[in-house]
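Mind the numbering: the sequence shown is residues -35 to -1, 1 to 638 in mature numbering (1 follows the signal peptide of the UniProt record, and there is no 0), read in order.
All residues carry an ideal CB built from backbone N, CA and C; glycine is no exception.
Remember, predicted model here, so these are calculated numbers, not experimental data.
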Amino acid sequence: MPHTRSLSRRRLIQTGGALGLATAAGTLLAPQAGAAPEAAAATKVTDLGPGLVQFSLMSGVLVGDTVYIGSRNLTPSSVVGFHLPSRKVVSSTNLDAGPEPSIQALAADPTGRYLYIGVLVKSDQGKPNLYRWDLKTPEKPAVPIGRTEDRDIRDLAVAPDGTVFAVGGVPDKPPVLWQYDPATGAVANLGAPDPKATLARAVAATDTTVFFGAGSVLSGGSGASKASLFAFDRKSREFTSIVPKEMEKDPSLRELAVRDGKLIVGTSGAVDPAKLAVIDLADFSSYTVVKTEGAVIKTFTSDAERIYFASESGVEAYSKADRTISHVEFTGPDLGEIWGLDHADGKLAVVSGYGFVAEIDLPAKTSVVTDLYEAGAKAGPQAGMGIAAGHGYVYLGGNGAISRRNLKTGEVVNLQAPGEAKDAEVIEGVLYTGQYNAQGIWRYDSSRRQQPQQTAKFPSEQNRPLDLSWDPDNKLLLVGVQSDTEGGGALWTYSPRTGKSASYVNPIDDVQLVRAVANRDGVAYLGGDNAAKQGPRATVVAVDPATGKEQWRVDTKQAAGVAALAVQGRSLYGLTTKGGLFVIDVRARKVVHTADVSSVSKGFAAMVTNRGAVYGVSDTTLFRFHPKTFAVTTVVADINGAWYSGPHVNVHEGLLYTLRGGNLVAVDDRPSH
């Protein structure tokens, strides 16, 4: 299939006053203009410039001849209008939506005049999360029109009469079906049909019925429900469960759409593959269910003969006639995570998480790919994820990308990697990452001219890697993992030398995830946390990483789960998510010290050992512990790193690398002990 890529080979980017260069391999940025070392006693902080800069996205919907695309993990959040005929970004609007915002939900009203926008954030500040943009006057910004009591809006649907419905969720509460009435401006709570669901990600509507899809994609296990599907009668205001029995064991209902008298349903799978269902709107008991080969189904569109949907392997097509699924061939670049899929005039418009739109001409079997930054979308610094340094580079993970910064020249290249690099380590010059969602371990060798590649795959229910640690004695990469859908977690191990991997499920117990991993002298130390309100947490288990066998365990008696671990000498340091410090003597196998350090660390944290001391970083502060007294000292106050899912810190040649605000910094600290 012929393929045309409308990307220039080189382009210029300007951010923060620094001028950089870009190639087809990725974005190049110079260090921030005027950056200079800062001196504070024996600590020197060097600003290296913005961390990971790109236009990242999380949604897309076609209205007329324009694809509207919502940003992800960028401040401010924005929606851009990509005009398909000209292949240019012709409009945009910014939203004042709160910290680390993303736009996962977009829906147009039946007239095509209004675009409704739903926002999700990492922490709730009480701001509106529902906006409306008048597409007839796109130069005017979108306006806030309401707020659901759920923190996040994950999906929107507009009924033929113009009524808007929203679903999403907030931690520790069942998700609700929300209604916005454009005539009155009122936002109403229509009820939470599944009290055991942890998140709702799908909604669709007709004039008479609203369809609500939920499940346990986050905080699963501990009695949380699996895929649930309810029909809400708009007249009687009653919910009825209509989930096909073949889908009941899938973790979550992922996508819904109404097409030609049918309700199209997709799930996310774990142990079993995801499933597609086509349900007759006139008779909910009349349906067809087909298994796919992937773990997720989302983003439906259709033509007269087929229903198209996105999976982790690209675009798939369901034949309405023979009820089979086939892959839509595409010879362009890897599509990565697909966040938008629409059909018009024999063409598919595919919105990729890598920051481009692919137009696939189905009859002609040709395609055109347009980079959205090249087309006029504004790039910005993402909130960071995992960080690693080594072999002359520092890497920062984000959504759909990993930035690679040359520490000598300041050159930055954005590498493509699906999902999110939650944590990373550089081992003998090669980068290894733990990739969410259910992407396993990825590998990148800077000496080779290629993008990162998956090097180890694990069961998809073990989907969220959290912490990486290199074990030099066993020569194993150790990864602590959380299972979002099933509860509990795992320890992954991977040998770069042999390529062999192993997964030890629930090494702490069946409810505690493995939040933190550290090692010393061939022993791995695992720190437990619990996504549920009730149940054990903060257990520390020592295991042999070569076999997965437990050697001993300590109940630390902490009220909150472990946020981070690090080893110095015979002392195993642990931080909890509520700012508790505990120290375990690994020879005596007992807690020998506790303290409240919530003044410098409260919430998620990370720790490393450097120059004979353990250092920690929180959302606010970089600090260190005295190796004998365990007293805490602030190294950099108000570091306030822009982290997406918890702070990180890494060490290379004695320097600490982390984020200060949205910028990478190198910290040279020389303790006096």
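Please report how far the alpha carbon of residue 609 lies from the alpha carbon of residue 551, in whole angstroms. If I take the Cα positions, the gap works out to 32 angstroms.
Taking just the CA atoms, how far does residue 305 sit from residue -14? At residue -14, the pLDDT of 32 sits below 50, so the modelled position is not reliable; the number obtained from the coordinates is stated separately. Cα-Cα distance, rounded: 26 angstroms.
Using three-state DSSP, classify residue 338 as helix, strand or coil. In the structure shown, residue 338 adopts helical secondary structure according to DSSP, grouped into three states.
Among residues of its own chain, excluding the 5 on either side of residue 392, which ones have a beta-carbon nearer than 8 angstroms to its beta-carbon? The beta carbon of residue 392 sits closer than 8 angstroms to those of 355, 435, 442 and 461, all from its chain and outside the five residues before and after it, given in chain order.
Taking the beta strand (DSSP E) that residue 227 belongs to, which residues open and close that run? Run containing residue 227: 227 to 233, per the beta strand (DSSP E) assignment.
Where residue 147 and residue 37 are concerned, what is the direct C-alpha to C-alpha distance, given to the nearest angstrom? Pairing residue 147 with residue 37, the inter-Cα distance amounts to about 26 angstroms.
Could you tell me which residues DSSP pairs with residue 430 in its beta bridges? Under DSSP, residue 430 forms a beta bridge with 446.
Within the same chain, show all residues whose beta-carbon is closer than 7 angstroms to that of residue 570, passing over the 5 residues directly before and after it, in chain order. Excluding residues within five positions, the ones whose Cβ falls inside 7 angstroms are 528, 529, 540, 581, 582, 583 and 612.
For a minimum of 3 consecutive residues, which ranges assigned as the beta strand (DSSP E) are wholly contained in the segment 98 to 173? The segment 98 to 173 contains these whole beta strand (DSSP E) runs: 108 to 111, 117 to 123, 129 to 134, 143 to 146, 151 to 154 and 164 to 170.
So does the segment 590 to 604 actually touch the segment 317 to 337, counting three or more Cβ pairs closer than 8 angstroms? As far as the Cβ criterion goes, the segment 590 to 604 does not touch the segment 317 to 337, which means the pair count is below three.
Which stretch, first to last residue, makes up the beta strand (DSSP E) that contains residue 273? That run of the beta strand (DSSP E) goes 271 to 276.
Please name the residue in 119, 86, 184 and 171 whose C-alpha comes closest to that of residue 75. Taking each of 119, 86, 184 and 171 in turn and checking the Cα distance to residue 75, the smallest one comes out for 171.
Express the C-alpha separation of residue 165 and residue 212 in angstroms, rounding to a whole number. One C-alpha to the other measures close to 16 angstroms.
Of the residues 448, 369 and 375, the one placed nearest residue 416, counting alpha carbons only: Ranking the options by Cα distance to residue 416, first place goes to 369.
For residue 489 versus residue 474, is the C-beta spacing smaller than 9 angstroms? With respect to residue 474, residue 489 sits apart: the two C-beta atoms are not nearer than 9 angstroms.
With a threshold of 6 angstroms on Cβ separation, who are the neighbours of residue 328 within its own chain once the five nearest residues in sequence on each side are excluded? The beta carbon of residue 328 sits closer than 6 angstroms to the beta carbons of 311 from its chain, once the five residues preceding and following it are set aside; these are given in chain order.
Buried or exposed for residue 628, please, with buried defined as at least 16 other CB atoms from any protein chain shown within 10 angstroms of its CB. With 16 or more other CB atoms across the displayed protein chains lying within 10 angstroms of its CB, residue 628 is buried.
So, are the CB atoms of residue 129 and residue 96 less than 9 angstroms apart? Against a cut-off of 9 angstroms, the Cβ pair of residue 96 and residue 129 comes out as no contact.
Grab me the residues of residue 8's own chain with a C-beta within less than 8 angstroms of its C-beta, minus the 5 sequence neighbours each way, in chain order. 600, 601, 632, 633, 634 and 635, listed in sequence order.
From residue -3 to residue 49, what does the alpha carbon distance come to, in whole angstroms? Confidence in residue -3 is poor, its pLDDT being 32 and thus under 50, which makes the residue's placement too unreliable to answer from.
Rounded to a whole number of angstroms, what is the C-alpha to C-alpha distance between residue 168 and residue 467? Pairing residue 168 with residue 467, the inter-Cα distance amounts to about 38 angstroms.
Is residue 263 helix, strand or coil when you go by DSSP? In this structure, DSSP gives residue 263 an extended state, which the three-state scheme calls strand.
Beta-carbon separation (whole angstroms), residue 523 vs residue 495, contact threshold 8 angstroms: The Cβ separation is near 12 angstroms, so there is no contact.
For residue 302, does the three-state DSSP call read helix, strand or coil? Of the three classes helix, strand and coil, the one that applies to residue 302 here is coil, per DSSP.
Count the C-beta pairs between the segment 510 to 519 and the segment 214 to 226 that are closer than 8 angstroms, then say yes if the count reaches three, no if not. Judged by Cβ distances under 8 angstroms, the segment 510 to 519 makes no contact with the segment 214 to 226, as fewer than three pairs qualify.
Go ahead and pull the three-state DSSP assignment for residue 567. Residue state, collapsed to three classes: coil.
Own chain, CB closer than 6 angstroms to residue 20, minus 5 neighbours either side, in chain order: Around residue 20: 320, 337, 338, 342 and 344.
In chain order, what residues of the same chain have a beta carbon less than 6 angstroms from the beta carbon of residue 451, not counting five sequence neighbours either side? If you ignore the 5 residues before and after residue 451, its C-beta comes within less than 6 angstroms of the C-beta of 185, 186 and 426, all in its own chain and listed in chain order.
Exposed or buried, which one is residue 151 when buried takes at least 16 other CB atoms within 10 Å? Per the 10 Å Cβ criterion, exposed.
With a CB to CB cut of under 7 angstroms and the five nearest residues on each side skipped, what residues in its chain are close to residue 404? Cβ contact annotation for residue 404 (same chain, cutoff 7 angstroms, sequence separation greater than five): 383, 384 and 419, in chain order.
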